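Structure below.
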C-alpha cells in the first residue's frame, strides 16, 4: 500500500495511460478522446439549433460514462490512495511563484489563486473563466485535445495530430512564459 | 446502415477525434465498462500528478521531465498496441472488427491547437484532468469546466464563419 500512496513515477503512469487506448478499442471500438465530452454536453443540454450540436449524442454516451469515470477516479484516488506528502515543486518554479506571492502547494491548483472566491478577481477570472473558454474553444476547433490528438492520434500515426500536438505545446509555452507572468503580476 | 445514420455519423465525426465506431446496439449498462476504464484514468491522473497545475507549469518551463515522460511513454505504448491490433486483426469483445477513424488536416489544428495550448497553460489542466480535479474536491475546477463547455458552445456557434 505504501507504494500506492506515493506519487507514481512517469514510467508507471505513462504506459498505463497508453494502455487505455487498446482497452477502449477492444471494449467496444471506441477511440480515446476526452474533449468530445464537452461537445456531447452542449448537444444534450444546450443545442440551440446549432448544426454542430444537432446529432444523436446518445450514440456517443459511452464518452460521458468515461469522463464520469475520470471524475469518480479522482474521488477514489483522494479518498483511498491520497499522496502522503505535499507536492515537491521545482525550486525555479517555486521562486517564480513566490515573487507573485504564491506559496501554497497543498492543492492541485495554486489555492491562493484558483478558488471559488477568486472568480470575482481579475486574475482568478482570467485564469479560470478565460482559460476555460480557451480550452473549450481551442480543443474543439483543433478537433481534439491531449488525449484525442497527442495520444490517440499519434498512436495511429496521424500527421494532423502531430501538427495539433506541436501547436498545443507552442501555445502552452507562450502562455506559461510570456502571458502568465503578466497575468500573475496584475 | 441507412443513409440517415450515415449522415448522423458524418455529423458526429466533424472535428471530433472520438467517434464511436461500433455499429452494435447495447443496453445502457454496457456503458459501465467505460465508467470503470475512466475511473482507472482518473486514479492514474491524480496519482501521477498529471492533474497538478504545478506539473503543467514545470512542463512548459522545461523544469521537469515528468510530463514529457508520461505523454511520451503513453504514446509509445498506445502506438505499439494499435500496431499489434492491426497486425493480428484483433477484434472487440463483441467480435467486431476494430476501426479507427483517420484524421484529415484543416487549419483548425493549427489555430485551435494554439488557442488550446494557451488555455492549457493558463488553467493548468486539459479536459481530462478537469474532470479528475473536480473528483478530488477542487471545486474551482467546476468553474473552469463550465467555461470550457461554454467555449465549445461558442465554437459550435461560430463554426461556419471560422477558417478551416
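Residue numbers (our numbering), protein chains in the order written: chain A, 22 to 207; chain B, 4 to 167.
Heads up, the beta-carbon is just placed ideally off N, CA and C, and yes, glycines get one too.
Just so it is clear, the structure is predicted and the values come from calculations on it, not from any experiment.
Here the segment 177-187 of chain A makes contact with the segment 111-130 of chain B; the two share three or more CB pairs at distances below 8 Å. Under the Cβ criterion (8 Å, minimum of three pairs), the segment 75-87 of chain A counts as touching the segment 26-45 of chain B. By the Cβ-count criterion, residue 107 (chain A) is exposed, with fewer than 16 other Cβ atoms from all chains shown falling within 10 Å of its own Cβ. Below the 7 Å Cβ cutoff, chain B contributes 81, 84 and 85 as neighbours of residue 42 (chain A), in chain order.
Restricted to the segment 152-192 of chain A, the alpha helix (DSSP H) segments that are unbroken, complete and at least 4 residues in length are 152-163, listed in chain order. Taking each of A:152, A:57 and A:90 in turn and checking the Cα distance to residue 79 (chain A), the smallest one comes out for A:57. Neighbours of residue 34 (chain B) in chain A, taken as residues whose beta carbon is under 7 Å from its own, are 82, 83 and 86 in chain order.
The DSSP assignment places 35-50, 56-63 and 69-90 as complete runs of the alpha helix (DSSP H) inside the segment 25-109 of chain B, in order along the chain (cut-off: 4 residues). Cβ neighbours of residue 109 (chain B) within its own chain (closer than 7 Å, five residues either side excluded): 167.
Residue 153 (chain B) and residue 63 (chain A) have their alpha carbons spaced roughly 8 Å apart. Cβ-Cβ separation between residue 150 (chain A) and residue 157 (chain B): approximately 12 Å, too far for a contact (criterion under 8 Å). Residue burial is scored here from C-beta neighbours: residue 24 (chain B) has at least 16 other C-beta atoms within 10 angstroms and is therefore classed as buried.
Counted as a single uninterrupted DSSP element, the alpha helix (DSSP H) harbouring residue 58 (chain A) occupies residues 57-66. Interface criterion not met: the Cβ of residue 203 (chain A) is under 9 Å from no Cβ in chain B. Listed along the chain, the chain B residues whose CB falls inside 9 Å of the CB of residue 133 (chain A) amount to none; the nearest CB is some 12 Å away. Comparing alpha carbon positions, the residue from B:163, B:73, B:89 and B:142 closest to residue 48 (chain B) is B:73.
Per DSSP, the unbroken alpha helix (DSSP H) holding residue 152 (chain B) starts and ends at 143-161. Taking a contact as a CB-CB distance under 8 Å, the pair residue 139 (chain B) and residue 98 (chain A) counts as one, their CB atoms being some 7 Å apart. With at least 16 other beta carbons inside 10 angstroms of its own, residue 41 (chain A) counts as buried. Counting only residues of its own chain and dropping the five nearest sequence neighbours on each side, residue 52 (chain A) has a CB closer than 6 Å to the CB of 173. With its beta carbon less than 9 Å from one in chain A, residue 66 (chain B) belongs to the interface. Of all alpha-carbon atoms in A:66, A:73 and A:87, the one lying nearest the alpha-carbon of residue 43 (chain B) is that of A:87. Within chain B, the residues whose beta carbon sits less than 9 Å from that of residue 102 (chain A) are 46, 49 and 50, listed in sequence order. With a beta-carbon spacing of about 7 Å, residue 144 (chain B) and residue 128 (chain B) fall inside the 8 Å limit used to define contacts.
In this structure residue 123 (chain A) is in contact with residue 134 (chain A), their Cβ atoms being roughly 6 Å apart against a cut-off of 8 Å. Residues of chain B with a Cβ closer than 9 Å to the Cβ of residue 189 (chain A) are, in chain order, 116, 117, 119, 120, 123 and 129.
When DSSP states are grouped into helix, strand and coil, residue 80 (chain A) belongs to the helix group. About 4 Å separates the Cβ atoms of residue 91 (chain A) and residue 45 (chain B), confirming a contact at the 8 Å cut-off.
Along the segment 136-149 of chain B, going in chain order, the ones with a CB nearer than 8 Å to a CB of chain A are 136, 137, 138, 139, 140, 141, 142, 143, 144, 146, 147, 148 and 149. Residue 39 (chain A) sits close to residue 84 (chain B), with the two beta carbons spaced by under 9 Å. B:41 is the residue among B:32, B:31, B:41 and B:53 whose C-alpha sits nearest the C-alpha of residue 45 (chain A). Non-local beta-carbon contacts of residue 74 (chain A) in its own chain, meaning distances under 8 Å to residues more than five positions away in sequence, involve 60, 63, 64, 67 and 68 in chain order. In the structure shown, residue 144 (chain A) falls within a helical segment according to DSSP collapsed to helix, strand and coil. Not a single C-beta of chain B is nearer than 9 Å to the C-beta of residue 207 (chain A).
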